[in-house]
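Structure, as structure tokens:
Laid out in structure tokens, this is it:
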């Protein structure tokens with residue numbers, strides 16, 4: 002039976018790649034009152050492996066609601082929809098923020114099913130977003146999956162997007178297991 006533990010090297014790479022934010026609700030490790038986990042996007046009991054491509058940084062709330070789910074229900078259509086996959090999809094294609102950046106809004110069936118299933122707008126998370134927004138610490142930057150930088154939003158200019166090159170991500174072969 003293969004070893005499915007996540008090595009410390011891979012764990013650190015996941016945290017760095019996520020810029021210290023939950024890859025679902027965008028909560029930030031530096032301001033969180035709950036723990037974060039490196040979770041399997043496709044659960045191990047559904048064949049998911051402990052490989053970098055199948056791992057995401059998740060706050061405890063999102064991880065608890067997601068558990069071993071890969072699908073949810075789109076609350077508008079009532080139909081099943083796949084949950085957001087941080088390695089294969091871009092956050093901005095499935096989600097946006099409301100005008101005061103406190104609520105995540107699903108733009109697609111995947112986005113809506115994820116918002117609903119993972120309860121990403123939990124009261125404590127919304128309250129923390131409100132406080133962090135007033136201090137200029139929200140919304141957080143999010144990694145761009147196809148580049149070496151990340152994308153940020155400027156709260157001062159609603160809808161603005163700015164690309165910032167921060168660091169080169171290590172190649173898969175450099176990470177080891």
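Numbering (my numbering), first residue to last: 2 to 178.
The beta carbon of each residue, even a glycine, is placed where N, CA and C say it ideally should be.
Keep in mind that this is a model prediction, so the values were computed, not measured.
>> At 3 residues or longer, what runs of the beta strand (DSSP E) sit wholly inside the segment 65 to 149?
In response: 72 to 74, 81 to 83, 96 to 98 and 105 to 107
> How about residue 42 and residue 113: are their beta carbons less than 8 Å apart?
Replying inline: no
>> Counting C-beta neighbours from all protein chains within 10 Å, is the total for residue 136 16 or more, i.e. buried, or is it exposed?
In response: exposed
> For the alpha helix (DSSP H) that residue 9 lies in, which residues bound it at each end?
Replying inline: Counting along the chain, the alpha helix (DSSP H) containing residue 9 begins and ends at 9 to 18.
>> Spatial neighbours of residue 21 within its chain, please: C-beta separation below 7 Å, excluding the five flanking residues on both sides.
In response: 29, 30 and 31
> Going by alpha carbons, who is nearest to residue 119 out of 96, 138 and 26?
Replying inline: 26
> Which residues bound the beta strand (DSSP E) around residue 59?
Replying inline: Annotation: the continuous beta strand (DSSP E) that includes residue 59 extends over 56 to 60.
>> Can you list, in chain order, the residues of its chain with a C-beta nearer than 7 Å to that of residue 33? Leave out the 5 residues immediately preceding and following it.
In response: 60
> Helix, strand or coil: which one does DSSP assign to residue 23?
Replying inline: In the structure shown, residue 23 sits in coil (DSSP, three-state: anything other than H, G, I, E or B).
> In terms of residue numbering, what span does the beta strand (DSSP E) encompassing residue 215 cover?
Replying inline: Shown here, the chain extends from 2 to 178; a query on residue 215 therefore has no answer.
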